[in-house]
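Below: one structure, written as structure tokens.
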Amino acid sequence: MTDHKKTLKQNLAEADYDRLMAIPNEGVHAFVADAIELCRPATVVVQDDSPEHREETRRQAVETGEEARLAVEGHTVHFDGPTDQGRDRKVTKYLVPRDQPLPEALNQADRDEGLTEVRGLLEGSMQGRTMIVRFLTLGPNNSVFSIPCVECTDSWYVSHSLNLLYRPGYEDLKRSGKDAEFFATLHSSGKVDDRMVSAEGDKKRIYIDHTVNTVYSVNTQYAGNTVGLKKLALRLTIRKADREGWLAEHMFLMGVKGKGGRNTYFAGAFPSACGKTATDMLPGETILGDDIAYFRAVDGTFRAVNAEAGIFGIIQNVSEKDDPVIWDVLHKPGEVIFSNLLVKDNQPYWLGMGQEIPDEGENFTGEWHKGKKDADGKEIPPAHKNARYAVALDALANCDSELENPDGVDLDGIMYGGRDAKGYVPVQEAFDWAHGIVAYGASLETETTFAIIGKEGVPEINLMSIQDFVAIPLGKYVENNLVFADKVKNPPRIFGVNYFLRGKDGQFLNAVRDKHVWVKWMELRVHGEADAIETPTGRIPKYEDLVPLFRQVLDKDYSHEDYVAQFTIRVPENLAKLDRVEAFHRENVPDAPAALFEILAAQRSRLVKAQGQFGDYIAPDVFAGGSAG
Ligand code: SPV
Ligand code: MN
0 MTDHKKTLKQ NLAEADYDRL MAIPNEGVHA FVADAIELCR PATVVVQDDS PEHREETRRQ
60 AVETGEEARL AVEGHTVHFD GPTDQGRDRK VTKYLVPRDQ PLPEALNQAD RDEGLTEVRG
120 LLEGSMQGRT MIVRFLTLGP NNSVFSIPCV ECTDSWYVSH SLNLLYRPGY EDLKRSGKDA
180 EFFATLHSSG KVDDRMVSAE GDKKRIYIDH TVNTVYSVNT QYAGNTVGLK KLALRLTIRK
240 ADREGWLAEH MFLMGVKGKG GRNTYFAGAF PSACGKTATD MLPGETILGD DIAYFRAVDG
300 TFRAVNAEAG IFGIIQNVSE KDDPVIWDVL HKPGEVIFSN LLVKDNQPYW LGMGQEIPDE
360 GENFTGEWHK GKKDADGKEI PPAHKNARYA VALDALANCD SELENPDGVD LDGIMYGGRD
420 AKGYVPVQEA FDWAHGIVAY GASLETETTF AIIGKEGVPE INLMSIQDFV AIPLGKYVEN
480 NLVFADKVKN PPRIFGVNYF LRGKDGQFLN AVRDKHVWVK WMELRVHGEA DAIETPTGRI
540 PKYEDLVPLF RQVLDKDYSH EDYVAQFTIR VPENLAKLDR VEAFHRENVP DAPAALFEIL
600 AAQRSRLVKA QGQFGDYIAP DVFAGGSAG
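Using numbering that gives the first Met the number 0, you'd call the opening residue of the sequence shown number 0 and step up by one each time.
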């Protein structure tokens, strides 16, 4: 008997042992055995896809105190510690072998040293606790897209989140043979305090050993740091996709409704808190995915699936008026895990919910009252800005019917959206695939937001909104995107959107729901049913096409004055943006493809030429003579 089999026999009850052994993959057995030897849990539970095990997770999450029941049936709340409220870039590192360095832009540690450190922190971390062994898949079951995964965790909250966010993978792993490639995560909350919150935040580490598709996470509970299938696996997936010639993207997927009931699929990349979920949940459209999409070329068509089956969404500013679909799910009986908001009398409250929030209750700092201050004397808000909800997608009334299609859907459009107060117009279409990838995707700018620990409001380039997760040289990643279009007959059209453009007075130029009009315009463009105006930065809508769309979609008058304010090409701001983008790529992307600089240079010369002819601020109608078709 191999050593790992011995370990498993000694530590697992017979039924759990048999369940694990029914998976023919020795790599999986070895991973679980190593987790047991390292973390030394008192009990090990091996869960399969059965309703009984799903129920066990739900029950234990509450019984252990990691979650508490709320008034509505099926709703629970979970709190992470005050210093554990977002993804933590500083302590999230790639472990790199000495002879295989990753690009400098990626946070990394020497593999041997990193393994010693993180395994040292995991040593004995589950004593007296239960380790749960979970099997799930990324991508639909029984699909060319799907990747089997195993996660060992001592958190029932993490296990519960896995239930809601991913497809069951036990049966898939049993079927997938003895040599199937799989991703593995080992997570421990570490020491917890009396609220069941990780108590040693200074020892938080999230290390990714891509050489063996394994992630380690310790002394943290925030789902973005602990649910291995989320952003941690995305890093591994990007490498796998690079090896195999497909794309793994930080994108939503949605179906946009059009004439005669047609459904047109779009993907969208937005950095955290830049309008991503608000777009994919637009009322009347269908949602297929909220965070991670895989793209493959299949027989010359561009196919897309959602890697996930649920949403871990930001709850701040979710209101009955602007977000009716998710509002409904967050208020009716059904499975929802709320995290890091305010709870009073078993009711959840969050910032920007459009209702009065109580002056006291329980939040991520424990008992909270209005005026409570943190150690630095700063007033603590009732709920954290990065407070979230986790739900399964099929709980949503507008979940797209193709979610579980193993072949995915045909994709017709991609949008890239940043947070840009000054430069880009609210919506524009790229001249072609390469222009879109470079001028919108690889030029995506945002400001740091609360979803990442650290200072907010600092401008930064966040290439395709995926920069934190690109585990291959950034230039290679851009190149992979550029050449992907060659594998399909009709690559999707690419659009750049910007919901955050401000006027001279500093006010936003668009209302929150205007995005719905842009999306409907994109749908018309895909079907060749709307004209466009060619500008130096892309093709923009015609005023006369937007007027009926504002009426149909929002029942709003759309003034020509608003159109001009929103769609004026701001040449100096656009040139400054190009400066920043070029500098970023020169400094951080040593292997940036030559095409990237050529496309940026062409954009610059179009802008300079227009500036010479028409000045710094060019109203859209000035370009209208040269129609773009
Ligand atoms: C994001 O921040 O982009 C998220 C949430 O989707 S997290 O799981 O933290 O990555
Ligand atoms: Mn995300």
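For glycine and all other residues, C-beta sits at the position ideal for the given N, C-alpha and C.
In this text, all values refer to a predicted model and were calculated from it rather than measured experimentally.
The Cβ atoms of R86 and P96 lie no closer than 9 Å to each other. The Cβ-Cβ distance between P540 and D411 does not fall below 9 Å.
In the displayed model, I310 falls within a strand according to three-state DSSP. Only residues of its own chain outside the window of five on either side were considered, and among them R204, Y206, Y215 have a CB closer than 6 Å to the CB of V117, listed in chain order. Between the C-alpha atoms of I413 and E284 there is a straight-line separation of about 16 Å. Within the DSSP secondary-structure output, E366 pairs in a beta bridge with E361. Taking all protein chains in view, the Cβ of M0 is surrounded by fewer than 16 other Cβ atoms within 10 Å, so the residue is classified as exposed. Taken in chain order, the unbroken stretches of beta strand (DSSP E) that lie wholly in the region 278-303 and span 3 residues or more are 285-288, 292-297.
Contact check for V390 against V457 fails: the beta carbons are separated by 9 Å or more. Closer than 8 Å to some heavy atom of ligand 1: that does not describe the Cβ of A34. Taken from the Cβ of D279, every heavy atom of ligand 2 lies 8 Å or farther away. Ligand 2 has no heavy atom closer than 8 Å to the beta-carbon of K384. For K372, the beta-bridge partners assigned by DSSP are E378.
Residue side-chain check: D431 keeps its Cβ at 8 Å or more from all non-hydrogen atoms of ligand 2.
According to the DSSP secondary-structure assignment, R204 is paired through a beta bridge with V217. When DSSP states are grouped into helix, strand and coil, R110 belongs to the helix group. In the three-state reduction of the DSSP assignment, L545 falls in the helix class, which pools H, G and I. In the displayed model, F507 falls within a strand according to three-state DSSP. Under the DSSP assignment, L246 falls in the beta strand (DSSP E) whose first and last residues are 246-248. Cβ-Cβ separation between M253 and L287: approximately 6 Å, consistent with a contact (criterion under 8 Å).
Secondary structure in the region 535-605: the beta strand (DSSP E) runs of 3 residues or longer, each lying completely within the stretch, are 537-539 in chain order.
Between R194 and G64, the C-beta spacing is below 9 Å. Going down the chain, each residue whose beta-carbon is closer than 6 Å to a heavy atom of ligand 2 shows up: H249, S271, D290.
For Y169, the secondary structure class from DSSP, reduced to helix, strand or coil, is helix. Annotated as distal: S188 and L121, with beta-carbon spacing of 9 Å or more. Residue pairing from DSSP places D409 in a beta bridge opposite R302.
Counting every other CB atom within 10 Å of its CB across the protein chains shown gives E150 a total of 16 or more, marking it as buried. Counting only the Cα atoms, A70 lies some 5 Å from N345. Residue pairing by DSSP places Q346 opposite K343 in a beta bridge. Sequence-distant partners of R18 (beyond 5 residues in either direction) whose C-beta falls short of 7 Å from its own C-beta, in its chain, are V45, D47. The beta-bridge partner set that DSSP reports for R133 consists of E150.
The alpha carbon of D178 has as its nearest neighbour, out of E170, N24, V143, D241, the alpha carbon of N24. Under the three-pair Cβ rule at 8 Å, the region 527-544 does not count as touching the region 582-595. Taking a C-beta distance under 9 Å as the contact criterion, N141 and P405 qualify as a contact pair. L164 and A609 have their C-alpha atoms roughly 48 Å apart. Between V588 and G416, the C-beta gap is not smaller than 9 Å, which leaves the two residues out of contact.
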